[in-house]
Amino acid sequence: MPSQSSSRSSRRWRSPGWFFVAPYLVILIAFGIAPAIYGLYQTFEVTSPVGAPYLSLTKNFADVLKDYRLPTASWNVVKYLLIWLPLMLLVVFALALAMDAKRTRFAAITRFVTYVPGAVTGSAAALLWLFMSSPAVSPIGAILRHFVDKSGSFLSDQNFALILAVMGTASGAGGWIVVVYGALVAIPQELIESAVLDGANAWDTVWHIKLPMIRSYIAFILIVSIAQGFQLFVEPTVISQGAGGQVSRTWSINQLVFSYATDQSNYGRASALAILLLVVCVALAVFIITRTRFYSTEER
Amino acid sequence: MYGRIPAVTAVAASLVTLCFAQAALAADKPSITVWVDTNRQIPAQAYKDAHPEVDITIDVIDGSQGSNTSKIALAEKANSGIPDVVFLGSPDEISTLAANPINYPVALNDLVPKDILAGFGTTLARCTYDGKTYCLGNDTGQTVFWYNKAQFAAWNYAVPKTFDEFKALGDKLAKEHPGYNLGTVNGRYGVDAFFGSSGCPIIDPSSPTDVKINTTDPKCTRVGDVMGPMIANGSLSTLDLFDKNYTTQVAAGKVIGMIGASWVADFAFKPMTTDAGTDFDAKGKFAAAPMPTWSGETTNWSGAVGGGIWAVSNKSKNTDAAVKFAIAMTAAPEVVKTQTTYPAFGPNAQVWLKAKSSDPWYAEDPGPVLTDAAAKVNPADGYVRYQTQEIDSFNQTVIANGATDMAGALKAWGDQTSQAAQAAGYDVSQ
Amino acid sequence: MQVVSRGARNLLFVLAILFFGVPIVWLLLAPTKTTNQLQYLPPLAFGSFDQVGITAGNLFGYNNGMIWLWAWNSVWYTATSLVIALLVSVPAGYALAKLPFRGSTTVLFLTLLTMIVPSAALILPLYLEMSSVGLINTPWAVILPLTFHPFGVYLIYLFAKTTMPDSIIEAARIDGCSEFAIMWRIFIPVAWPAIAMVTFFVFVGAWNAFFLPFIMLNSDTLATLQLGLQLLVSSTGAIGGGGQSNIPIHAPEVALAALVSVLPILCVFLFAQRYLVAGQTAGAEKG
Chain A
8 MPSQSSSRSS RRWRSPGWFF VAPYLVILIA FGIAPAIYGL YQTFEVTSPV
58 GAPYLSLTKN FADVLKDYRL PTASWNVVKY LLIWLPLMLL VVFALALAMD
108 AKRTRFAAIT RFVTYVPGAV TGSAAALLWL FMSSPAVSPI GAILRHFVDK
158 SGSFLSDQNF ALILAVMGTA SGAGGWIVVV YGALVAIPQE LIESAVLDGA
208 NAWDTVWHIK LPMIRSYIAF ILIVSIAQGF QLFVEPTVIS QGAGGQVSRT
258 WSINQLVFSY ATDQSNYGRA SALAILLLVV CVALAVFIIT RTRFYSTEER
Chain B
32 MYGRIPAVTA VAASLVTLCF AQAALAADKP SITVWVDTNR QIPAQAYKDA
82 HPEVDITIDV IDGSQGSNTS KIALAEKANS GIPDVVFLGS PDEISTLAAN
132 PINYPVALND LVPKDILAGF GTTLARCTYD GKTYCLGNDT GQTVFWYNKA
182 QFAAWNYAVP KTFDEFKALG DKLAKEHPGY NLGTVNGRYG VDAFFGSSGC
232 PIIDPSSPTD VKINTTDPKC TRVGDVMGPM IANGSLSTLD LFDKNYTTQV
282 AAGKVIGMIG ASWVADFAFK PMTTDAGTDF DAKGKFAAAP MPTWSGETTN
332 WSGAVGGGIW AVSNKSKNTD AAVKFAIAMT AAPEVVKTQT TYPAFGPNAQ
382 VWLKAKSSDP WYAEDPGPVL TDAAAKVNPA DGYVRYQTQE IDSFNQTVIA
432 NGATDMAGAL KAWGDQTSQA AQAAGYDVSQ
Chain C
143 MQVVSRGARN LLFVLAILFF GVPIVWLLLA PTKTTNQLQY LPPLAFGSFD
193 QVGITAGNLF GYNNGMIWLW AWNSVWYTAT SLVIALLVSV PAGYALAKLP
243 FRGSTTVLFL TLLTMIVPSA ALILPLYLEM SSVGLINTPW AVILPLTFHP
293 FGVYLIYLFA KTTMPDSIIE AARIDGCSEF AIMWRIFIPV AWPAIAMVTF
343 FVFVGAWNAF FLPFIMLNSD TLATLQLGLQ LLVSSTGAIG GGGQSNIPIH
393 APEVALAALV SVLPILCVFL FAQRYLVAGQ TAGAEKG
């Protein structure tokens with residue numbers, strides 16, 4: 008245990024851990040904690056169109072919960088998560104495991120290609136996905152044309168969750184594949200070999216050795232992906248930029264948060280909704296950490 | 032010797048005074064910061080070059096909906112970095128800027144010469160609250176009825192003078208030539224051109240805190256009576272004007288008319304039909320006709336789709352220089368050359384139209400119709416803080432369900448917009 | 143022995159390449175067509191080389207090559223924040239895993255927490271912070287917040303925790319090595335794959351950052367590639383239409399700009415992949 012060793016070799020000053028962490032701590036506080044605390048304070052400041060702003064513990068939360076767009080936005084996000092999360096995790100793990108099983112050139116090329124769509128962001132992504140989802144001009148237009156409505160439009164508020172899930176997988180999977188592949192690659196080869204010698208077949212190595220070894224990565228990916236899913240903002244904004252009028256500009260909850268912050272400059276409500284969103288995410292994260300076997304903290 | 036001292040002193044004194052004067056002059060040179068989008072950068076730069084006595088910093092920023100408001104709000108909150116003049120491409124942002132907590136613009140009534148203010152006509156009505164005008168108009172998107180004159184002649188169609196005739200035309204078109212349509216009513220194109228010209232009370236503010244919303248008003252239902260059946264029989268499209276599925280229709284010549292803004296011909300029809308890989312050649316075919324009249328009205332009101340505005344900060348340290356800049360960007364004759372759309376300032380509009388009148392792309396000079404429509408923009412509409420929600424809601428109700436249940440859609444639109452207005456701090460009255 | 147046959151695995155790769163690759167092929171071909179051709183030609187058709195020249199001329203001609211200034215800004219903002227972020231995050235992640243101190247679990251928890259705080263709530267406080275030290279409309283207002291990378295710290299932490307046995311550290315300590323020397327000479331050479339991964343993510347995060355430059359910068363001469371592109375797109379209506387502008391920036395130009403913007407990321411990716419591969423053999427020799 009580290010504490011024992013530091014008392015044993017006390018003749019030499021051992022830089023304490025916090026020494027290494029200090030610069031990061033400064034940045035964590037400056038750009039992570041302090042703004043978050045201010046954000047928390049903002050939830051209690053109510054702006055009104057006339058008169059000075061005033062403090063209230065509940066008004067912002069009440070206003071936010073009464074917003075007529077919130078129920079639809081919440082349901083949209085839940086629909087999205089239910090489709091996107093399993094889809095993306097499946098794609099990520101299937102591909103990463105396949106790439107790890109046989110580390111060929113072809114696998115490396117695939118890894119590269121899966122990353123590229125995710126690298127296109129912002130207005131460039133708006134252009135790309137707008138064209139991809141318009142049946143008249145998309146390379147997969149032939150497929151899309153089976154699903155258009157009477158006016159010829161493929162996008163609508165109802166099927167948007169599915170489209171976003173596919174788009175979110177296409178742009179998000181690549182990054183996670185890099186992480187999972189990197190974790191798999193770090194597993195010492197002898198572990199696999201000794202298991203094989205002991206009689207394990209291929210499926211056993213995956214299920215009983217590789218996946219448990221990267222358990223903490225899996226938990227990390229789950230937590231961050233759920234948070235990303237709940238905070239879905241970029242993809243629907245990107246599409247609605249070009250798909251004028253077919254999709255609401257406040258389709259997801261986080262878009263609603265941004266709308267409070269930018270369209271209405273009502274930071275109080277933006278923070279209130281953001282906090283509510285965060286609470287839900289944290290609750291889920293805690294559930295994952297404590298109730299599943301994923302997050303083990305014991306040393307190997 | 033004593034005589035030299037006064038001389039030396041005099042020279043020294045005058046030198047010192049000169050230096051101080053120079054320094055004072057340099058320090059007195061007013062400096063303003065202006066925020067423009069890429070299209071206004073050229074006239075702004077031209078003004079800067081022509082006026083070296085003012086120190087102008089030109090910041091080109093993203094002008095998309097909400098971005099100006101959020102940046103100015105942040106600057107106001109930090110009380111630093113507030114721009115002296117700002118160009119708003121989405122003019123309804125002025126309603127958020129003029130209200131709490133931002134309170135950005137200064138009232139221009141006493142700062143701008145009366146004759147210049149008058150030259151803007153009714154285009155300033157929308158950013159006038161409580162008699163105080165907070166903006167100068169850059170351009171205006173008054174709506175007219177654009178139509179394919181050649182096609183109308185070929186099919187023996189008459190230009191509709193009322194909206195009842197417009198609806199009848201749609202019926203005829205759907206029966207005789209299905210697949211052709213008379214424009215789209217998606218989002219702002221439908222709201223402003225149709226409901227706006229009719230004067231439907233949905234964005235009708237009487238003050239920054241009071242607004243009238245009532246979609247069961249006859250001024251709204253008469254629009255629904257026209258729009259609903261026309262969407263149902265396909266003579267009006269529900270796609271966005273720039274949707275890829277719609278631009279293909281324009282390129283193929285399937286859009287034989289549209290109630291649209293003054294810029295629709297130049298910036299929608301023209302680029303969509305030029306080198307578009309279809310057999311349809313739009314050159315010399317499109318003309319402008321006056322807006323049809325709504326039943327019950329005597330004037331053929333037009334709506335207004337967009338139209339940029341300029342606003343000046345009330346915290347400016349050089350209000351004089353800032354206002355001069357704003358006036359130059361809107362009312363100066365030099366700025367006409369760089370204006371791409373119909374100028375809001377009357378005299379400039381006439382000059383701008385002269386250049387347009389000989390454009391061979393049009394079937395005939397659209398000038399007279401455009402000028403007439405500019406003066407008839409329905410004053411019922413104003414800029415409100417919930418504009419984007421109103422349009423979003425319109426698409427989800429009227430556009431989505433108007434063909435089958437217009438009454439229900441109108442009611443839902445009214446309800447949702449009322450909620451949005453209340454959430455934005457308005458008192459809603461019927 | 144395989145979980146699935148090699149054929150099935152290769153089929154999976156082919157499907158993946160199609161799914162992820164088709165949008166990119168479209169993007170590559172887009173600058174060869176005009177705006178209207180993007181509509182009436184088949185989506186994956188090639189336009190013409192001449193058109194590429196015209197598109198490039200339009201894009202690079204805007205404001206006398208402003209896009210290169212934006213690219214340069216992106217490069218040095220990213221590089222600076224990357225260097226600082228690495229210098230700060232790698233020791234932190236290592237220490238949190240291997241040199242735990244009282245409060246290190248709190249720091250870890252806070253790191254995880256800040257990763258899931260919705261960024262919209264942080265706009266105003268970050269702006270006020272930067273404004274109070276007068277950094278608004280300077281590059282540092284963008285660079286400094288980008289040095290905060292909890293994701294990277296957490297990745298290094300996970301890597302150190304799972305692949306660095308304590309026994310080696312103990313042995314080094316007994317040999318008299320300082321903690322810093324241990325990290326520098328033992329951990330870092332082994333941790334190249336993780337560091338490469340973190341470098342990659344920090345680079346991408348900084349290069350693609352939009353919201354931070356958007357609120358912190360006003361002058362277009364300070365803008366990054368992402369912000370500059372948005373500037374052009376919003377004022378010309380290149381994507382959603384409705385921009386009444388004579389500036390010749392439309393869909394093909396935006397596609398070309400997208401390719402210019404994506405290229406550095408892909409180069410860094412390829413570069414980082416090499417270290418990932420190098421890490422394989424290192425991992426095999428470990429233990």
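Chains as they are written, first to last, in the working numbering: chain A, 8 to 307; chain B, 32 to 461; chain C, 143 to 429. Cβ coordinates follow ideal geometry from the N, Cα and C atoms, glycine included. It should be emphasised that the depicted structure is a prediction, and the values quoted were computed from it without experimental measurement.
Margin query: Considering only DSSP beta bridges, list what D170/B is partnered with.
Written below: P374/B
Checklist line | Distance CB(A292/B)-CB(V254/B) smaller than 8 angstroms | finding: no
Margin query: Tell me which residues of the segment 372-405 of chain C have at least one Cβ-Cβ distance to chain B shorter than 9 angstroms, keeping chain order.
Written below: Q372, L373, L374, V375, S376, S377, T378, G379, I381, G382, G383, G384, G385, Q386, S387, N388, I389, I391, H392
Notebook entry, point to check: CB T176/A to CB A158/C, shorter than 8 angstroms?
Noted result: no
Next item on the list: List the DSSP bridge partners of D458/B.
Entry: D241/B
Checklist line | is_contact[N134/B, chain A] using C-beta, thresh 8 angstroms | finding: no
Margin query: Taking DSSP's pairing of strands, which residues face V175/B in a bridge?
Written below: G291/B
Note to self: Closer than 7 angstroms between beta carbons: that is the criterion. Which residues of the segment 336-353 of chain C meet it against chain E?
What the structure shows: You won't find chain E in this structure, because its protein chains are A, B and C.
Next item on the list: Specify the secondary structure class of S344/B as computed by DSSP and reduced to three states.
Entry: strand
Note to self: Can you check whether the C-beta of S16/A is within less than 8 angstroms of a C-beta belonging to chain C?
What the structure shows: Low local confidence applies: a pLDDT of 45 at S16/A is under 50, so the model's placement there is unreliable, and no value is given.
Next item on the list: Look at the Cβ atom of A262/C, then the Cβ atom of N261/A, and state whether they are nearer than 8 angstroms.
Entry: yes
Checklist line | F329/C to V116/B span [Cα, whole Å] | finding: 56 angstroms
Notebook entry, point to check: Rounded to a whole number of angstroms, what is the C-alpha to C-alpha distance between V57/A and T127/B?
Noted result: 12 angstroms
Check: Who does T193/B pair with in a DSSP beta bridge?
Finding: T324/B
Check: Using a beta-carbon distance below 8 angstroms, is Y219/C in contact with chain B?
Finding: no
Next item on the list: Please go through the same chain and pick out, in chain order, the residues whose beta-carbon is closer than 6 angstroms to the beta-carbon of Y283/C, but skip the five residues on each side of it.
Entry: Rather than Tyr, the amino acid found at residue 283/C in this sequence is Ala. Closer than 6 angstroms at Cβ, skipping near neighbours: M272, L277, M358.
Next item on the list: Would you kindly work out how many angstroms separate the C-alpha atoms of I391/C and F298/B, rounded to a whole number?
Entry: 13 angstroms
Next item on the list: Return no unless some Cβ of chain B is closer than 8 angstroms to the Cβ of S361/C.
Entry: yes
Check: By Cβ distance, which residues of its chain are closer than 7 angstroms to W168/C, with the 5 residues on each side in sequence left out?
Finding: P185, L186
Check: For T174/C and chain B, any beta-carbon pair shorter than 8 angstroms?
Finding: no
Note to self: Between N205/C, I298/C, S216/C, D192/C, which has its C-alpha nearest V402/C's C-alpha?
What the structure shows: S216/C
Item checked: Nearest candidate by alpha-carbon position, reference S255/A, set T419/B, G210/B, I133/B -> T419/B
Notebook entry, point to check: Mind pulling the chain C residues with CB within less than 9 angstroms of F298/B?
Noted result: G379, G383, G384, G385, Q386, S387
Next item on the list: Examine chain B for any beta-carbon lying closer than 8 angstroms to the beta-carbon of G425/C, and answer yes or no.
Entry: Here the model assigns G425/C a pLDDT of 42, short of 50, so the residue's position is not dependable and the matter cannot be decided.
Note to self: Could you pull the DSSP bridge partners for L62/A from this structure?
What the structure shows: E52/A
Check: Given a threshold of 16 other Cβ atoms within 10 Å of its Cβ, counted over all protein chains shown, does I63/B qualify as buried or as exposed?
Finding: buried
Checklist line | Within 8 angstroms of chain B by C-beta, residues of the segment 155-180 of chain C in sequence order | finding: T176, T177, N178, Q179
Margin query: Tell me the rounded alpha-carbon separation between W214/C and T378/C.
Written below: 23 angstroms
Next item on the list: Could you round the C-beta distance between G459/B and I244/B to whole angstroms and report it? I think they count as a contact, below 8 angstroms.
Entry: The amino acid occupying residue 459/B in the given sequence is Val; Gly does not appear at that position. At roughly 5 angstroms, the Cβ-Cβ gap stays under 8 angstroms, so V459/B and I244/B are in contact.
Notebook entry, point to check: How would you label I316/C, buried or exposed, when you count the other beta carbons within 10 angstroms and need 16 or more for buried?
Noted result: exposed
Checklist line | Buried versus exposed, by CB contacts within 10 Å (16 or more), C409/C | finding: exposed
Notebook entry, point to check: With distances taken between CB atoms, is the gap from P323/B to F425/B smaller than 8 angstroms?
Noted result: no
Note to self: Tell me which residue opens and which closes the beta strand (DSSP E) that L119/B is part of.
What the structure shows: 116-119
Notebook entry, point to check: Does DSSP classify S13/A as helix, strand or coil?
Noted result: Since pLDDT at S13/A reaches only 45, below the 50 mark, its modelled position is unreliable, and no value is offered.
Note to self: Can you tell me whether S389/B is buried or exposed? The criterion is at least 16 other CB atoms within 10 Å of its CB, across all chains shown.
What the structure shows: exposed
Note to self: Please identify, using Cβ separations under 8 angstroms, the residues of the segment 180-191 of chain C that lie next to chain B, in order along the chain.
What the structure shows: Q181, Y182, L183
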